[in-house]
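The block underneath contains the structure these notes are about, expressed in structure tokens.
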Ligand code: AMP
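In our numbering, the protein residues as written are 70 to 348.
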């Protein structure tokens, strides 16, 4: 495992990828967990070379968000990746990615402004910009991304398509704790009571799935049932929606491939989760 700290060094390496090899890339913000490791393992199975980036991207955090507190521990991340035989870890600094005079931003219109984008204005501009920069530096064939961040994958697939970028996203399923909580670096913020309360996201999804199987296909009535469950656990709802799996527009009647998608505050920690209605 080679640690690369500059874009120039990474580009020097990626400039020499042979066209016939499969280059797999996993962009992360570090503080790795089994969700990240599942993407890396899959890339190792399917690709000839695997690169993981670790970069807490300031551009995707709002002014009052958790950029300063976001967990960072490179040694821990490197030891978790040790057994996976990652080829390169790209670990740039903020100054390197956004040097003085930086001016260019990528906006994927429409799909970036709903759901998480409505609550976090500018978030997906930061995500799209850093991912395009990383893709230009790493030049991957395949980019492995988790459906945990369902809207993020939709935004980035649109960007790659619209800008003719020759990289394909491989969507990977959400990895959960045994009790159902979706793994997230932000789960570290939860105290022991909040860790229990945080189960309300997965439990609300399960409730909606059961209701759907029992014949209730009405988004509004399911959103009310899910809200009651979440509020009962002291969760504070940012949004709960039933959306089309491709364009993420609200649906009027729920079908089996409709996506349930939600964001909930547990204390100050904002957690997200999603699932197909028929999983
Ligand atoms: P992050 O470090 O949170 O930016 O995540 C880096 C990548 O890991 C993204 O593609 C995420 O969707 C993915 N990821 C994060 N949590 C999970 C999870 N629980 N299951 C699967 N993928 C995940």
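Even glycine gets a Cβ: it sits at the ideal position worked out from N, Cα and C.
From a predicted model like this one, the values you see are computed outputs, not experimental measurements.
{"Query": "Presumed contact (8 Å Cβ cut-off) between residue 269 and residue 304, rounded CB distance", "Result": "5 Å"}
{"Query": "Contact between the stretch 193-207 and the stretch 169-185 (3+ Cβ pairs under 8 Å)", "Result": "yes"}
{"Query": "heavy atom of ligand 1 below 7 Å from residue 108 C-beta", "Result": "yes"}
{"Query": "Residue 217: CB within 7 Å of a non-hydrogen atom of ligand 1", "Result": "yes"}
{"Query": "Endpoints, the alpha helix (DSSP H) within which residue 185 is located", "Result": "185-188"}
{"Query": "7 Å CB neighbourhood of residue 222 in its chain, flanking five on each side removed", "Result": "214, 216, 238, 240"}
{"Query": "Helix, strand or coil at residue 379 [DSSP, three-state]", "Result": "Residue 379 is absent from the model: the chain starts at 70 and stops at 348."}
{"Query": "Residue 87 burial status per 10 Å Cβ neighbour count (16 or more: buried)", "Result": "exposed"}
{"Query": "Cβ-heavy atom distance, residue 254 to ligand 1, below 7 Å", "Result": "yes"}
{"Query": "Three-state class that DSSP yields for residue 343 in the structure shown", "Result": "strand"}
{"Query": "Through-space distance from residue 125 to residue 163, alpha-carbon basis", "Result": "8 Å"}
{"Query": "Residue 269: first and last residue of the uninterrupted alpha helix (DSSP H) it sits in", "Result": "268-282"}
{"Query": "Residue 209: CB within 7 Å of a non-hydrogen atom of ligand 1", "Result": "no"}
{"Query": "Under 8 Å between C-beta atoms of residue 273 and residue 295", "Result": "yes"}
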